[in-house]
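Worksheet for the structure shown next.
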Amino acid sequence: MSAVRQSARASEAGSATDLSGIPGDLHGALEDVNVPAYAVDRFGVIRWINSAAKKLVGDVRGKQQSSVVVPEQAREAKESFLRKMMGTEESTDGTVVVVGPDGERVQVEISSCALREGHRIVGVFGVVRHRSKSAPPLPHPHLTPRQNQVLHLLSHGHSTAQIAAELHLSVDTVRNHIRRMLRALGAHSRIEALAVAHREGI
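Residues 0 to 201, numbered by numbering that gives the first Met the number 0, are exactly what the sequence shown covers, in order.
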């Protein structure tokens with residue numbers, strides 16, 4: 000697949016080791032390596048996944064990349080994709096919950112980057128760096144998808160500024176999400192909100 004071959008090229012001339020002299024079938028190696036990998040076209044449609052990725056999420060070729068993640072993270076997946084296509088975000092590393100072939104929620108760490116053809120951005124390439132052995136947290140039914148994201152990041156010790164950077168939001172917007180989240184949970188502080196979430200198994 001041409002998009003996957005492009006992933007082996009440097010984003011700019013001279014910015015990475017030249018792979019043209021490497022012998023062997025690099026495309027075949029990407030298919031066979033025991034690390035889930037995928038490529039998405041400029042419309043957000045999954046065009047290629049390797050065997051390891053098929054075991055993780057099933058054969059999702061032809062589907063929108065945002066459909067593979069859980070509903071509460073679909074918006075963030077779309078926004079991250081658009082930032083890469085616009086050239087404002089070259090690469091990202093993040094924790095994502097994907098939906099397995101049988102509907103199970105699987106928490107993974109994904110590293111993804113823009114795919115380039117010359118100076119044009121033609122899609123996104125990504126690999127799954129780690130699969131969590133523990134079950135991912137369920138979304139709280141009284142919170143919006145964004146508020147669930149904020150709660151999840153708070154539970155991992157992120158500050159307001161760190162959450163803003165992670166979600167590409169302003170600090171004031173994050174504060175508003177936190178205020179609404181506290182109100183929805185009937186909590187008066189962040190610590191109390193985390194206690195409520197823990198008690199309810201979120």
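Heads up, the beta-carbon is just placed ideally off N, CA and C, and yes, glycines get one too.
- According to DSSP, Phe124 shares a beta bridge with Ala38 and Cys112.
- Residue range Pro70 to Met85 is occupied by the alpha helix (DSSP H) that includes Ser79, with no beta strand (DSSP E) assigned at that position.
- According to DSSP, Thr91 shares a beta bridge with Ser111.
- Check the Cα spacing between Leu55 and each of Ala28, Gly99 and Gly93: the tightest is with Gly99.
- For Ile48, the enclosing beta strand (DSSP E) starts and ends at Ile45 to Ile48.
- In this structure, Thr172 is the residue among Val67, Thr172 and Gly20 with its C-alpha nearest to the C-alpha of Gln146.
- Between the alpha carbons of Val32 and Asn49 lies a gap of roughly 8 Å.
- Spatial neighbours of Val44 in its own chain (CB-CB distance under 8 Å, excluding positions within 5 residues in sequence) are listed in chain order as Gly61, Lys62, Gln63 and Gln64.
- Secondary structure at Val56: helix, using DSSP grouped into helix, strand and coil.
- In the DSSP assignment, Arg119 is bridged to Glu116.
- The alpha carbon of Val95 has as its nearest neighbour, out of Gln106, His187 and Thr87, the alpha carbon of Gln106.
- If you draw a straight line from the Cα of Leu184 to the Cα of Asn175, it is about 14 Å long.
- Between the C-alpha atoms of Ala52 and Arg41 there is a straight-line separation of about 20 Å.
- Closest in alpha carbon position to His118, among Arg130, Glu89, Ile21 and Ile109, is Glu89.
- Linking Gln161 to Gly20 through their CA atoms gives a straight-line distance of about 41 Å.
- Here the alpha carbon of Ile177 sits roughly 21 Å from the alpha carbon of Gly93.
- In the structure shown, His26 falls within a helical segment according to DSSP collapsed to helix, strand and coil.
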